[in-house]
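S.K.: So in the working numbering, the last one in the sequence shown is 198, and the numbering has no gaps at all.
Right, I'll just put the structure down here and ask away after.
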Amino acid sequence: MNPLNPVQVSDLLEAAGQGSVVYLLGAGGCGMSGLGHLLLDLGHAVAGSDLSLNEEIRQLRARGATIHLGHAAEQLRAARPVLMVYSSAIRANNPELQAARELNVPIVRRAFLLAGLVERQCGICVAGMHGKTTTSALLSFALEQLQAQPSYAIGAPVLQLERHARFTPHSALRTPHFVVEADESDGTLREF
Numbered sequence: 007m008n009p010l011n012p013v014q015v016s017d018l019l020e021a022a023g024q025g026s027v028v029y030l031l032g033a034g035g036c037g038m039s040g041l042g043h044l045l046l047d048l049g050h051a052v053a054g055s056d057l058s059l060n061e062e063i064r065q066l067r068a069r070g071a072t073i074h075l076g077h078a079a080e081q082l083r084a085a086r087p088v089l090m091v092y093s094s095a096i097r098a099n100n101p102e103l104q105a106a107r108e109l110n111v112p113i114v115r116r117a118f119l120l121a122g123l124v125e126r127q128c129g130i131c132v133a134g135m136h137g138k139t140t141t142s143a144l145l146s147f148a149l150e151q152l153q154a155q156p157s158y159a160i161g162a163p164v165l166q167l168e169r170h171a172r173f174t175p176h177s178a179l180r181t182p183h184f185v186v187e188a189d190e191s192d193g194t195l196r197e198f
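Listed below in structure tokens is the structure:
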């Protein structure tokens with residue numbers, strides 16, 4: 007189900023260009039909504055779905071994302087995405103996942119997209135059993151205070167940061183740090 011590796015995901019998004027649609031299946035989760043913010047920061051259009059409305063979806067919608075409540079194949083077809091990203095909560099018989107397969111839309115897990123976004127930056131991945139969110143937040147905040155303008159993807163809201171995920175474009179004069187709260191539980195840590 008992951009025919010693309012992170013480098014190929016990065017290349018696909020770059021070739022598709024700004025304004026291209028990425029579909030997030032399970033968009034209301036903290037990790038998936040974080041990807042939505044990163045994609046919006048990069049200039050992509052974000053569409054997607056989840057089963058219920060929450061603050062994460064409200065924030066994405068406020069930034070222009072089209073997030074549907076409920077899963078229906080028509081929603082995916084109407085979005086015409088260049089890529090579908092799904093969360094670990096999505097089952098194989100999901101109608102939008104099945105529609106993406108029928109339409110030959112590339113499909114990747116959340117970690118593959120995140121690793122693809124980190125690919126061209128200096129990634130700082132935080133993993134382990136306890137303290138990942140706190141450590142990731144502290145690193146991101148410290149880099150902010152040092153005016154390093156980091157990109158980051160943290161697993162929970164952080165009061166001291168604008169939002170829990172942000173992508174910052176960098177010039178050739180600045181080292182592009184990307185702090186990631188990485189999940190080792192599903193084996194995707196090796197993608198970073």
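Quick reminder that beta carbons are idealized off the backbone N, C-alpha and C, glycines included.
Quick caveat: nothing in here was measured; it's all calculated off a predicted structure.
So what does DSSP say about D189, is it helix, strand or coil?
M.R.: Stepping through the sequence shown from its first residue, residue 189 is reached at position 183. Coil at D189, not helix or strand.
S.K.: Counting along the chain, where does the alpha helix (DSSP H) carrying L46 start and finish?
M.R.: What you label residue 46 is simply residue 40 of the sequence shown in a count that begins at 1. It spans C36 to D47 - the alpha helix (DSSP H) in which L46 sits, taken as one unbroken run.
S.K.: Please tell me whether E187 and T140 are closer than 7 Å, where the distance is taken between their beta carbons.
M.R.: What you label residue 187 is simply residue 181 of the sequence shown in a count that begins at 1. What you label residue 140 is simply residue 134 of the sequence shown in a count that begins at 1. No, they are not a contact pair.
S.K.: At the level of alpha carbons, what is the spacing between F173 and F147?
M.R.: The residue given as residue 173 occupies position 167 in the sequence shown. The residue given as residue 147 occupies position 141 in the sequence shown. Straight-line Cα distance between these residues: approximately 14 Å.
S.K.: In or out: G134 buried (at least 16 other Cβ within 10 Å) or exposed?
M.R.: Mapped onto the sequence shown, residue 134 falls at position 128. Classification of G134: exposed, given that the 10 Å Cβ count is below 16.
S.K.: Since G129 sits in a beta bridge, which residues does DSSP pair it with?
M.R.: In the sequence shown, counting from the first residue as 1, residue 129 sits at position 123. Paired residue(s): F184.
S.K.: With three or more beta-carbon pairs closer than 8 Å as the criterion, would you say the segment 156–168 touches the segment 35–55?
M.R.: Segments in contact, yes.
S.K.: Taking the C-alpha atoms as reference points, what is the distance between N110 and V164?
M.R.: Your numbering for residue 110 matches position 104 in the sequence shown. Your numbering for residue 164 matches position 158 in the sequence shown. Distance between the alpha carbons of N110 and V164 is about 37 Å.
S.K.: With a CB to CB cut of under 7 Å and the five nearest residues on each side skipped, what residues in its chain are close to L119?
M.R.: For the purposes of this step, residue 119 is taken as residue 113 along the sequence shown, with counting starting at 1. Hits under 7 Å: V15, L41 and V91.
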